[in-house]
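*Asks:*
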Amino acid sequence: MGVGIYIAFEGIDGCGKTYHSGRVYRKLLDLGIDAVLVREPYYPELREAIMRRVWNPVSEALLFTADRIQLQLEIIEDALRSGKVVISDRSVYATLAYQAARGVPRQLLNFLYELIPIKPHLVILLDVPVEIALARVRESGREVTRFESMDLLERVREEYLRLASELPNKFIVVDSGRDVELVEQEVWSHVLRFLKEKGVVE
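In this note's numbering, the protein residues as written are 487 to 688.
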């Protein structure tokens, strides 16, 4: 089979990544397209280690990178080689945004970026004002983490928008502060058009 497609969903916490990546995954399956859905950090033991303590930002970036490389080698690489569509809730660009916002030097982040063997072909950036995102997190009933402070998320959002402006052929920015159905329709239209351009769907 041909080379598969790797689509990542990015954005600050509370932007709707998990919901919209899941919706796209289910729609692909409904079309008979072989797809895989992953979420970063992927490995429970690493995710728990990251969340259990407050790490130095550089150490944290290395942990996220280790998880990502292992995920690609064990799952994503084989899926793409088999011609599948991989839908990912976060990717290498999450580290570039979050860890840059936490003060990790760009030189180190660029080095970690180059270590990642496979980059997404398309990134859907779900952009939302921080106050709306935090309200969603609180309404969900889950505990607010150290990654979800107002100040940090403002900086992360700026980093994401900077990445989108630097990589306009890879990033599509979607306003996810609107009604969820409108966002879902726009996201799906972008994904469907991209897959048509790549010959995955007619």
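Ideal placement from N, C-alpha and C gives every residue a C-beta, glycine not left out.
Alpha carbon to alpha carbon, what distance is there between GLY627 and LEU620?
*Replies:* Looking at the two C-alpha atoms, the distance is approximately 11 Å.
*Asks:* Contact check, SER662 vs VAL614 under 8 Å by CB: the rounded distance?
*Replies:* The pair is a contact, with the Cβ atoms about 5 Å apart (cut-off 8 Å).
*Asks:* Under 8 Å by Cβ, that's how I've got ALA521 and ILE573 pegged, so tell me the actual separation to the nearest angstrom.
*Replies:* Yes, they are in contact, since the Cβ atoms of ALA521 and ILE573 sit about 6 Å apart, within 8 Å.
*Asks:* Could you pull the start and end residues of the alpha helix (DSSP H) that VAL614 belongs to?
*Replies:* Run containing VAL614: none; DSSP gives neither H nor E here.
*Asks:* LYS684: which of VAL571, GLU600, PRO591 and ALA587 sits nearest, CA to CA?
*Replies:* It is VAL571 whose Cα lies nearest to the Cα of LYS684.
*Asks:* On the criterion of 16 or more Cβ atoms from any shown chain inside 10 Å, does GLU600 qualify as buried, or is it exposed?
*Replies:* It is exposed - the Cβ of GLU600 has fewer than 16 other Cβ atoms within 10 Å.
*Asks:* How many Å lie between LEU678 and VAL687 at the Cα?
*Replies:* Taking the straight line from one Cα to the other gives about 8 Å.
*Asks:* Would VAL578 pass as a contact of ILE498 if the rule is Cβ separation under 8 Å?
*Replies:* The answer is no: Cβ separation not under 8 Å.
*Asks:* Would you call LEU611 buried or exposed, if buried means 16 or more other Cβ atoms sit within 10 Å of its Cβ?
*Replies:* Classification of LEU611: buried, given that the 10 Å Cβ count is 16 or more.
*Asks:* CB ARG576 to CB ARG525, shorter than 8 Å?
*Replies:* Contact: yes.
*Asks:* Are at least three pairs of beta-carbons, each pair with one atom in the stretch 658–676 and one in the stretch 587–605, less than 8 Å apart?
*Replies:* They do not touch, by the three-pair rule.
*Asks:* What did DSSP end up calling SER574 once you bin it into helix, strand or coil?
*Replies:* Correct three-state label for SER574: strand.
*Asks:* Near MET487, which residues of its chain fall below 7 Å by C-beta distance, leaving aside the five closest residues on each side in sequence?
*Replies:* Residue placement at MET487 is flagged as unreliable, the pLDDT there being 45, under the threshold of 50; the coordinate-derived value follows with that caveat. Answer for MET487: SER568 and GLY569, listed in chain order.
*Asks:* Could you give the C-beta distance for LEU523 and ASP553, rounded to a whole number, given that I count them as a contact under 8 Å?
*Replies:* Actually they do not touch by this definition, with Cβ atoms about 16 Å apart.
*Asks:* Do GLN558 and ILE604 have their CB atoms nearer than 8 Å?
*Replies:* Yes, Cβ-Cβ distance for GLN558 and ILE604 is below 8 Å.
*Asks:* Using DSSP with H/G/I as helix, E/B as strand and the rest coil, what is ILE618?
*Replies:* Note: ILE618 maps to helix in three-state DSSP.
*Asks:* Could you compute how far the alpha carbon of PRO591 sits from the alpha carbon of VAL544?
*Replies:* When rounded, the distance between both Cα atoms is 9 Å.
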